[in-house]
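For the sequence shown, position 3 matches number 112 in the working numbering, and the numbering has no gaps at all.
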Amino acid sequence: MEIRCPVCKETLHKNENTYRCIHGHSFDIAREGYVNLYLHKSETSGDNKEMIQARRNFLNRDHYRFLLDELNRHISEEDILVDLACGEGYYTSRFHSKDKTGIDLSKQGLRYASKSDKDTVYILSSIFDVPLYDGCADKVLTIFAPIAKEEIVRILKKDGRFLLVRPDEEHLFEMKEVLYEKPYRNDIEDIMIDGLVLEKQLKIHQKAILNKEELHDLFLMTPYSNTTSVSDKKKLNSCDGLSVTFAFIIDIYRKI
110 MEIRCPVCKE
120 TLHKNENTYR
130 CIHGHSFDIA
140 REGYVNLYLH
150 KSETSGDNKE
160 MIQARRNFLN
170 RDHYRFLLDE
180 LNRHISEEDI
190 LVDLACGEGY
200 YTSRFHSKDK
210 TGIDLSKQGL
220 RYASKSDKDT
230 VYILSSIFDV
240 PLYDGCADKV
250 LTIFAPIAKE
260 EIVRILKKDG
270 RFLLVRPDEE
280 HLFEMKEVLY
290 EKPYRNDIED
300 IMIDGLVLEK
310 QLKIHQKAIL
320 NKEELHDLFL
330 MTPYSNTTSV
340 SDKKKLNSCD
350 GLSVTFAFII
360 DIYRKI
């Protein structure tokens, strides 16, 4: 897949450890293998090291393997695939497609991803300003991340598919029962995207018994870690194990 220069929008060509366009804009490939095309160098972005490490610990135990397997049922080897907000690359590296691009703003995440997965092109960039050409992708995925609607529609081919993964109502409810006096179920709303039609909605779930360490990693990789009080966090820290529900919605859209 051709990468577009973030400065002049011309094609970037790879030459050893650098990407360069015809106007001389050049971008070095990091030691681990990703290329930084984010122009706002001074801004701090993406998940921090602690969150990335927790997610790696948890996902590498394959608790979400059933989600990955379901996604791969809708992906073929021939697909040109773009994973928006790919993080540390757990899903991206395991997708069946031979032509894959992962985009994220977390340097720490992309270091892990590109170091271990040499079959995917990893780019540090905003998902709201994707350095790829119009109509380049057969499949675009966003897993537990903001939806860059305009960019998704722009880079998808006609009849291409967008796969959106989000939590269902019961996702992690047992953990919230431990954390909060008034646990709540996730609100589910229909998501409309101009230029796309919702073809199919899948709901999958599974339960697992997690030990203390797994609960800690799971908590750190969720938004709850930033919004939960210290006193409520202590409740989870005192929990030695818990049966937890994993429940996901997969929305599959087609570009019209």
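Ideal Cβ positions, reconstructed from N, Cα and C, are used throughout, including at glycine.
As the structure is a computational prediction, the values presented were derived from the model and not from experiment.
Check your understanding: For Ser185, is the classification buried or exposed, using 16 other Cβ atoms within 10 angstroms of its Cβ as the cut-off for buried?
Key -> Answer is exposed; the Cβ neighbour count stays below 16.
Q: For my contact list, Asp228 and Asp188 are in at a C-beta cut-off of 8 Å; report their separation, rounded to the angstrom.
A: Between the beta-carbon of Asp228 and that of Asp188 there is about 14 Å, and that puts the pair past the 8 Å contact cut.
Q: Counting only the same chain and skipping the five closest in sequence on each side, list residues whose C-beta sits under 8 Å from that of Arg129.
A: Hits under 8 Å: Leu121, His122, Ser135, Phe136.
Between the CA atoms of Phe253 and Lys118 - distance to the nearest angstrom: Rounded to the nearest whole angstrom, the C-alpha separation of Lys118 and Phe253 is 29 Å.
Discussion item. In whole angstroms, give me the CA-to-CA distance for Asn320 and Ile365.
Written reply: Cα-Cα distance, rounded: 46 Å.
Could you name the residues of the same chain whose beta carbon sits closer than 8 Å to that of Leu351, not counting the 5 residues immediately before and after it, in chain order?
Excluding the 5 residues flanking it on each side, Leu351 has same chain C-beta neighbours closer than 8 Å at Glu283, Met284, Val287, Ile318, Leu319, Leu324, in chain order.
**Item:** Close Cβ partners of Thr336 (< 6 Å) along its chain, the five nearest in sequence each way excluded
**Value:** Apart from sequence neighbours up to five positions away, no residue of its chain approaches Thr336 with a beta-carbon distance below 6 Å.
Report task. May I ask you to list the residues that DSSP assigns as paired with His280? Result -> According to DSSP, which records beta bridges pairwise, His280 is partnered with nothing at all.
Stretch pair the region 299-313 + the region 339-351: three plus CB contacts closer than 8 Å
When Cβ pairs closer than 8 Å are counted between the two stretches, the region 299-313 is seen not to touch the region 339-351, the count staying below three.
Review point. Under a Cβ-count criterion, where at least 16 other Cβ atoms within 10 Å of its own Cβ denotes burial, should Ser347 be classed as buried or exposed?
Key: Taking every protein chain shown into account, the CB of Ser347 has fewer than 16 other CB atoms within 10 angstroms, so this residue is exposed.
Query - Under 8 Å between C-beta atoms of Asp277 and Ile361 - result: No; because the gap between Cβ atoms is not below 8 Å, this pair is not in contact.
Residue interval of the alpha helix (DSSP H) (run including Phe175): Looking at the DSSP string, the run of the alpha helix (DSSP H) that includes Phe175 is 174-181.
- request: Would you decide whether Pro255 is buried or exposed? Buried here means 16 or more other CB atoms lie within 10 Å of its CB.
  value: By the C-beta density criterion, Pro255 is exposed, having fewer than 16 other C-beta atoms within 10 angstroms.
Quiz prompt | Straight-line gap, Thr153 to Ser215 (C-alpha atoms, nearest Å) | solution = With a pLDDT of 48 at Thr153, under the threshold of 50, the predicted position of this residue should be treated as unreliable, and no value is reported.
Ile443 and Ser234 closer than 8 Å at C-beta
Since the displayed the chain opens at 110 and closes at 365, residue 443 lies outside it and no answer follows.
Among Lys312, Ser225, Phe237, nearest to Ile297 - alpha-carbon criterion: The shortest Cα separation from Ile297 among Lys312, Ser225, Phe237 belongs to Lys312.
Inset, instruction - Have a look at Gly198 and Gly133 and give me their C-alpha separation to the nearest angstrom. - result: Looking at the two C-alpha atoms, the distance is approximately 30 Å.
Sort out for me which residues DSSP pairs Gly211 with in a bridge. Beta-bridge pairing by DSSP links Gly211 to Asp192, Tyr231.
On the premise that His149 lies in contact with Asn181, defined as a C-beta separation below 8 Å, what is that separation, rounded to the nearest angstrom?
The Cβ separation is near 34 Å, so there is no contact.
Worksheet item: Roughly how many angstroms lie between the CA atoms of Thr251 and Leu272, to the nearest whole one?
Response: Cα to Cα, Thr251 sits roughly 6 Å from Leu272.
- Item | Cβ-based burial, Phe167 [other Cβ within 10 Å; buried from 16] | With 16 or more other Cβ atoms within 10 Å, it is buried.
Straight-line CA distance for Gly196 to Lys258? Each residue's alpha carbon lies about 19 Å from the other.
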